[in-house]
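Visitor: Once you know that position 36 of the sequence shown is 96 in the numbering used here, the rest is easy, because the numbers rise by one and skip nothing.
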Amino acid sequence: MIDLYSWHTSNGRKVSIALEELEIRYRVFPVDITQGEQKERAFLEVSPNGKIPAIVDRDGGDRIRVPENDDPIPLPGGRS
Ligand SMILES: N[C@@H](CCC(=O)N[C@@H](CS)C(=O)NCC(=O)O)C(=O)O
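Given below as structure tokens:
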């Protein structure tokens, strides 16, 4: 299961689109960047630069964080 931390922006939506297209199960945790939630400690543990979108991959027992970055979207199983 993928945890997607995101908000209603074009950058946020593109990860949802990729996950949908790849038929990867995920759940969404809204991070309201208009209210400063991206700067809260809990979210900074996921995305240290305080930007959405970010994902956490909990499959396989490990917790793999993929914070916001400018690379092509990295997804589990080597898909991008
Ligand atoms: N490089 C990222 C962009 C990430 C980004 O700029 N996120 C913005 C929202 S679209 C953000 O989190 N802004 C909040 C802030 O900078 O405090 C991508 O292409 O997805």
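Heads up, the beta-carbon is just placed ideally off N, CA and C, and yes, glycines get one too.
Among all the DSSP beta bridges, which residues are the ones paired with Ile-93?
Guide: Counted from its first residue, the sequence shown places residue 93 at position 33. Looking at the DSSP assignment, Ile-93 forms no beta bridge with any residue, so it has no partner.
Visitor: Can you give me the C-alpha to C-alpha distance between Val-158 and Arg-73, rounded to a whole angstrom?
Guide: Any question about residue 158 goes unanswered here, given that the chain covers just 61 to 140.
Visitor: At what residues does the beta strand (DSSP E) containing Arg-125 begin and finish?
Guide: In the sequence shown, residue 125 corresponds to position 65, counting from 1. 124-126 is the span of the beta strand (DSSP E), which, as asked, contains Arg-125.
Visitor: From the DSSP output, in three-state form, read off Ser-70 for me.
Guide: Along the sequence shown, read from residue 1 onward, the residue named residue 70 stands at position 10. Reduced to three states, the DSSP call for Ser-70 is helix.
Visitor: With distances taken from CA atoms, which of Arg-101, Arg-125, Pro-113 is nearest His-68?
Guide: As a working note, residue 68 is residue 8 in the sequence shown. When only C-alpha atoms are compared, the closest one is Pro-113.
Visitor: Please indicate yes or no: does the CB of Thr-69 lie closer than 6 Å to some heavy atom of ligand 1?
Guide: For the purposes of this step, residue 69 is identified with residue 9 of the sequence shown, where counting begins at 1. Yes, the beta carbon of Thr-69 sits closer than 6 Å to at least one heavy atom of ligand 1.
Visitor: CB Val-88 to CB Leu-104, shorter than 7 Å?
Guide: The residue you call residue 88 lines up with position 28 of the sequence shown. The residue you call residue 104 lines up with position 44 of the sequence shown. No, the Cβ-Cβ distance between Val-88 and Leu-104 is not below 7 Å.
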